[in-house]
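Step one of this worksheet: look at the structure below.
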Amino acid sequence: MFKVLVVDDDPNINLFISRLLKKKFNCEVESSLNGKEALEMLESEAGIDVVFLDVTMPVMDGIETLRIMKESETIKNIPVIMLTAVSERSVIDRVTELGVHSYLVKPLMYESSYNKIKEIFEELKPGITGS
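Just so you know, the sequence shown maps onto residues 486 to 616 in this note's numbering.
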């Protein structure tokens, strides 16, 4: 079972991803509404295995959050899955350069999101898959 942090300022997206992770993948899920709050949680809470991180948020966006994560000795190795509707090449290049593990593209649809998360989890920890 993964312990996951979902970071998205849209409560509907946050709830959608959180429920999918809990119900289909038996994950323990924490959530945050912006990057600053997420970084505080990551530094204070041990055991977060994966972060689902929105690109566009108030306070601190996902790119800045990812950059700070990758500079931190304690949290730099946590895999990050970007949640994005942004298709600008420069944004994709920047998060790829920073070391994002994968993407979920908005708008999120149940079946495609489930399949993509299952694929990601299989890469991260073979043998742990949703039901």
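We treat Cβ as the ideally placed atom computed from N, Cα and C, and that holds for glycine. No experiment lies behind these values; they were computed from the predicted model shown.
Check                                                                                                                                                               : Outcome
Using three-state DSSP, classify M542 as helix, strand or coil.                                                                                                     : coil
Out of D546, L527, N511, I498, which one is the CA nearest neighbour of N519?                                                                                       : D546
Beta strand (DSSP E) containing A568: first to last residue?                                                                                                        : Here the sequence assigns Leu to residue 568, which means Ala is not the residue at that position. Residues 565 to 569.
Please check if any C-beta of chain B sits within less than 8 Å of the C-beta of I602.                                                                              : Absent here is chain B; the protein component of the structure consists of one chain.
Tell me the start and end of each unbroken beta strand (DSSP E) in the region 486 to 547 that is at least 3 residues and wholly inside, in chain order.             : 488 to 492, 513 to 517, 535 to 539
Using CA coordinates, which residue listed in L589, K509, L500, A523 is at the minimum distance from I563?                                                          : A523
Return the chain-ordered list of same chain residues with a C-beta closer than 8 Å to the C-beta of L583, the five sequence neighbours on each side being excluded. : I548, L551, R552, K555
Select from V489, L506, D493, V492 the residue whose C-alpha is nearest the C-alpha of E596.                                                                        : L506
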